[in-house]
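Read through the structure below, which is laid out as structure tokens, and then see the notes.
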Amino acid sequence: MSNQDRRIAFLQEMGLGPVWSQRTAVLQTLEPEAAAPEEVTEFIEDSVAVATPLRVAEQSASAWGDDDVAITPAAVPAAPTALVQPATNIGSMNWDQLKAVVSSCTECGLCKGRTQTVFGVGDQKAKWLFVGEGPGRNEDFQGEPFVGPAGKLLDNMFVAMGLKRGENTYIANIVKCRPTDENKRDRAPVAAESDACLPYLQRQIELINPTVIVALGKTAALSLLKLDPATPVARLRGTVHRYADIPVVVTYHPAYLLRTLKDKSKAWADLCLAMQTYADKANG
Ligand code: SF4
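Residue numbers (the working numbering): 57 to 340.
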């Protein structure tokens, strides 16, 4: 079975309809000014409009059709370059020390509801880092980020990008403990929880030193980039942000994509931007 057949099989098994297909070798020769997604991708779904051309750091949000406010690099504040360390010398810890501290952390109230901390998973020298907002119910039980249906979709996104969980990829979250509401349902972390936990992710990023970071969803992007909480996700997409000089590309959270299939074409455009950014950095 070819890789293409495998991708189709994965997505069909999940009943997700559109299939992402990357034409080989295109990204190596892609000219940002001239590149059109239809030259990079094919979707086996005629009803889904293909996104407009990618232009690193110049893409207007209005081009995505979901926000009429243009993105400009000036609208994106510089990301933090220094670690914020609440209680311990997190910035000098190695992987084992960091994992041990996280596993017993009580820096915020999320420690009270967790089954276990969800530290992160993958290649500790990965070139690709994917960051979500926090563990959900399945992740809390299993101790691994992005398991369950959203995790399967993320794995399929990896396949479409020519990547694989655990190989040259690392997956982490902004918060390491599961946030829940009063009814024990998953929720996004609040700012105080994200701020308390962010030093752990910052140290993970330092240790990994990835080539590109992909922020999965608004909460992850806003926390990582220290942006105004009111910033809509449509303004975050389509441009290359920076975290301590590491390119950051923002796309939708896989759980959102499971509920909103029509936005999968936009997510694919985001991943193409990430791949183009990776190729540019690797070649430059
Ligand atoms: S979410 Fe982070 S800061 Fe809060 S208790 Fe868990 S590990 Fe500690």
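Where a beta carbon is used, it is the ideal one built from N, C-alpha and C, also for glycine.
Residue i versus residue j - alpha carbon distance
i	j	result
Lys-282	Glu-249	14 Å
Pro-345	Arg-234	An answer regarding residue 345 cannot be provided, because it is not within the stretch 57 to 340 covered by the chain.
Asn-194	Gly-204	6 Å
Arg-298	Val-177	23 Å
Lys-220	Ala-330	15 Å
Val-305	Val-296	5 Å
Tyr-334	Gln-260	19 Å
Glu-238	Gly-169	11 Å
Tyr-246	Ala-311	The sequence shown places Val at residue 246, not Tyr. Cα to Cα, the separation comes out at about 18 Å.
Val-157	Gly-192	21 Å
Lys-232	Ser-321	30 Å
Lys-240	Asn-339	47 Å
Residue from the options with nearest C-alpha to residue i
i	options	result
Ala-290	Asp-301, Arg-298, Leu-272	Leu-272
Asp-242	Gly-218, Phe-197, Thr-225	Phe-197
Ala-313	Cys-161, Phe-175, Asn-145, Gly-207	Per the sequence presented here, residue 313 reads as Leu, with Ala not at that position. Nearest option by C-alpha distance: Gly-207.
Lys-337	Met-149, Val-268, Gly-199	Val-268
Gly-190	Ser-148, Asp-237, Ala-228	Ala-228
Pro-201	Ser-279, Ile-230, Pro-266, Trp-184	Ile-230
Phe-13	Met-217, Leu-166, Lys-168	This structure cannot settle anything about residue 13, because the visible part of the chain is limited to 57 through 340.
Asp-301	Ala-311, Thr-171, Cys-167, Leu-280	Leu-280
Ser-148	Pro-310, Gln-258, Gly-340	Gln-258
Gly-199	Pro-310, Gln-172, Thr-316	Gln-172
Gln-332	Pro-303, Glu-223, Thr-316	Pro-303
Thr-236	Glu-223, Gln-153, Asn-224, Cys-167	Cys-167
Beta-ladder partner(s) of residue i, from DSSP
i	result
Tyr-226	Gly-178, Leu-185
Val-268	Trp-184
Lys-220	Glu-223
Tyr-299	Ile-302
Thr-307	Leu-272
Thr-236	Asp-242
Cβ shell of residue i (< 7 Å), same chain only, five flanking positions each side left out
i	result
Trp-151	Gln-180, Leu-263
Thr-307	Val-270, Leu-272, Arg-293, Ala-323, Asp-326, Leu-327
Asp-319	Tyr-308, Leu-313
Leu-278	Pro-285, Thr-287
Asp-251	none
Glu-223	Asp-179
Contact set for residue i: own chain, Cβ-Cβ below 8 Å, skip 5 residues either direction
i	result
Lys-155	Phe-175
Tyr-226	Gly-176, Val-177, Gly-178, Asp-179, Gln-180, Ala-182, Trp-184, Leu-185, Phe-186, Gln-260, Ile-264, Pro-266
Val-140	With a pLDDT of 42 at Val-140, under the threshold of 50, the modelled position of this residue cannot be trusted; read the value that follows with caution. The answer, listed in chain order, is Asp-251, Leu-254, Pro-255, Gln-258.
Gly-165	Glu-249
Thr-316	Tyr-308
Gln-153	none
Neighbourhood of residue i by C-beta, 6 Å cutoff - its chain only, sequence neighbours within 5 removed
i	result
Ala-244	Glu-189, Thr-275
Ile-146	Pro-255, Arg-259
Glu-87	A caution first: Glu-87 carries a pLDDT of 32, below 50, which makes its placement in the model too unreliable to give a value.
Minimum Cβ-Cβ distance from residue i to chain D less than 8 Å
i	result
Cys-253	The structure shown contains no chain D, having only a single protein chain.
**Prompt:** Should the region 160-167 be regarded as contacting the region 208-219, the criterion being three or more beta carbon pairs within less than 8 Å?
**Reply:** No, they do not touch.
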